[in-house]
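Q: The structure's right below; bear with me while I get my questions together.
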Amino acid sequence: MIKKSSLFEKILSVVAKIPKGKVTTYGGIGLFLGLKDARVVGWALHQNKDPIKCPCHRVVDKSGGLSKGYAFGGRNRQEELLASEGILFKKDGNVDLNKHLWLPDIRK
DNA sequence: TGGATGACCTACA
DNA sequence: CTGTAGGCCATCC
């Protein structure tokens with residue numbers, strides 16, 4: 001049900017569909033939207049100011065690591081939010097993609 | 001109109 | 001493994 005609008009809305013729609021306890025990657029969203037870059041995804045999330053509709057904390061990088069550090073007010077904050085949803089972290093401080101990786105449904 | 005910016009990814013040395 | 005370079009998309013000034 002992705003409408004034809006700015007990628008901003010598309011990305012937000014995808015992120016909003018992320019089930020609780022799951023995480024997705026920038027590259028995954030970009031690939032889903034047919035983009036060849038993950039920058040747009042990061043850009044959209046950065047421009048996003050509605051964490052209620054867009055759980056940015058559920059979006060991680062390809063390695064399962066969190067963003068640079070100034071996402072929500074600190075990387076620690078994101079970890080806290082993810083942990084609050086039942087997402088486990090590895091000793092590296094990265095999300096366990098093997099258990100929580102989720103990708104958008106292309107059919108829908 | 002056009003350069004600069006951005007929460008990234010991949011490839012190569 | 002770390003560092004550098006390129007890429008491509010949208011928005012802002």
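For the first sequence, position 3 (counting from the first letter as 1) is numbered 3 according to this note's numbering, and the numbering increases by one without interruption. Cβ atoms here follow ideal geometry from the backbone N, Cα and C, with glycine treated the same way.
Note down, one range per segment and in chain order, each alpha helix (DSSP H) of at least 4 residues found wholly within the segment 3 to 57.
A: The segment 3 to 57 contains these whole alpha helix (DSSP H) runs: 7 to 16, 26 to 32, 39 to 47.
Q: So, is Q47 buried or exposed, given that buried needs 16 or more other C-beta atoms within 10 angstroms?
A: It is exposed - the Cβ of Q47 has fewer than 16 other Cβ atoms within 10 Å.
Q: Going along the chain, which residues of its own chain have a beta-carbon closer than 6 Å to the beta-carbon of V23, five neighbours each way excluded?
A: Answer for V23: R58, V60, V95, H100, listed in chain order.
Q: If you compare alpha carbons, which of K20, L33, P19 is closest to L7?
A: Closest by alpha carbon: L33.
Q: Use the C-beta contact count for K10: other C-beta atoms within 10 angstroms, 16 or more gives buried, fewer gives exposed.
A: That one is buried.
Q: On the DSSP bridge list, what partners appear for L101?
A: Bridge partners of L101: V23.
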